[in-house]
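Taking it in order: structure first as structure tokens, then the write-up.
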Amino acid sequence: MAITFRYQMINGKGVSLKRPMINVTFSNGSEVFKTMALLDSGADMSAISSDIAEIIGIDTDGERTTIHGVAGKVESIQKKVNVSFGNEHERYSFNIPVKVVFTDESDSASFIPLLGRDGFFNQFKITFDEANLKFSLKKNND
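The sequence shown begins at 116 in the working numbering and counts up by one.
Okay, here's the thing in structure tokens:
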């Protein structure tokens, strides 16, 4: 069965745009953080801010690497996090690899978690209906 979502409004830097976003819960053990995340077909991996990682108790020690994206380059560390989402009829929960990104404090509040191809997109058949500002997710092997 497919779950259909409507695009959500993103406000930032004087611009309002509708984007494919879903309500998700990131968790690590008993620690949880609920937020909106952007489905980003251009992102190789999913990404969360170091602030979210800290809230859910992910250890951010270790060797950092530099990743490059549309907004430039930032330091990151790779971890795993549980992500869950759904609606009243269907719910999914699984562990995905994420890049924990370290932004400066001025950018941290505006960082939107990304759900990328590795670990998230490959779990679903995803259909974007840009003309109607909606998208659907159907679990692979359903």
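We put the CB at the ideal spot given by N, CA and C, even for glycine. No experiment lies behind these values; they were computed from the predicted model shown.
Original post:
By the 10 Å Cβ neighbour count, where 16 or more other Cβ atoms means buried, how is V147 classified, buried or exposed?
Top reply: Locating residue 147 in the sequence shown gives position 32, counting from the first residue. Exposed is the call here.
Subject >> Residues of its chain near A246, where Cβ-Cβ distance is below 6 Å and the 5 sequence neighbours each way are ignored >> reply: Within the sequence shown, the letter at position 131 stands for residue 246. For A246, where only same-chain residues beyond five positions count, there are no Cβ hits under 6 Å.
**OP:** Grab the span of the beta strand (DSSP E) containing D244 for me, first residue to last.
**Re:** As a working mapping, residue 244 is identified with position 129 in the sequence shown. Per DSSP, D244 is one residue of the beta strand (DSSP E) stretching across F239 to D244.
Original post:
Are the segment 159-169 and the segment 206-215 touching, with three or more C-beta to C-beta distances below 8 Å?
Top reply: Under the Cβ criterion (8 Å, minimum of three pairs), the segment 159-169 counts as touching the segment 206-215.
**OP:** Pick out the complete beta strand (DSSP E) segments inside the segment 131-193, 3 residues or longer, and give them in chain order.
**Re:** As far as the segment 131-193 is concerned, its whole beta strand (DSSP E) runs of at least 3 residues are 136-143, 146-154, 161-164 and 180-184.
**OP:** Would you kindly work out how many angstroms separate the C-alpha atoms of N237 and I118, rounded to a whole number?
**Re:** As a working note, residue 237 is residue 122 in the sequence shown. As a working note, residue 118 is residue 3 in the sequence shown. Taking the straight line from one Cα to the other gives about 16 Å.
Original post:
Taking DSSP as the reference, what is the three-state secondary structure of F209?
Top reply: For the purposes of this step, residue 209 is taken as residue 94 along the sequence shown, with counting starting at 1. Strand.
**OP:** Less than 8 Å between the CB atoms is what I'm expecting for F200 and N138, so what's the real figure, rounded?
**Re:** Working through the sequence shown from its first residue, we reach residue 200 at position 85. Working through the sequence shown from its first residue, we reach residue 138 at position 23. Indeed, because the Cβ distance is near 6 Å, the residues count as touching under 8 Å.
**OP:** Between the Cα of F239 and those of F226, K253, R232 and G231, spot the shortest distance and give me the residue it belongs to.
**Re:** Working through the sequence shown from its first residue, we reach residue 239 at position 124. Selection F226, K253, R232 and G231 evaluated against F239 yields K253 as nearest (Cα-Cα).
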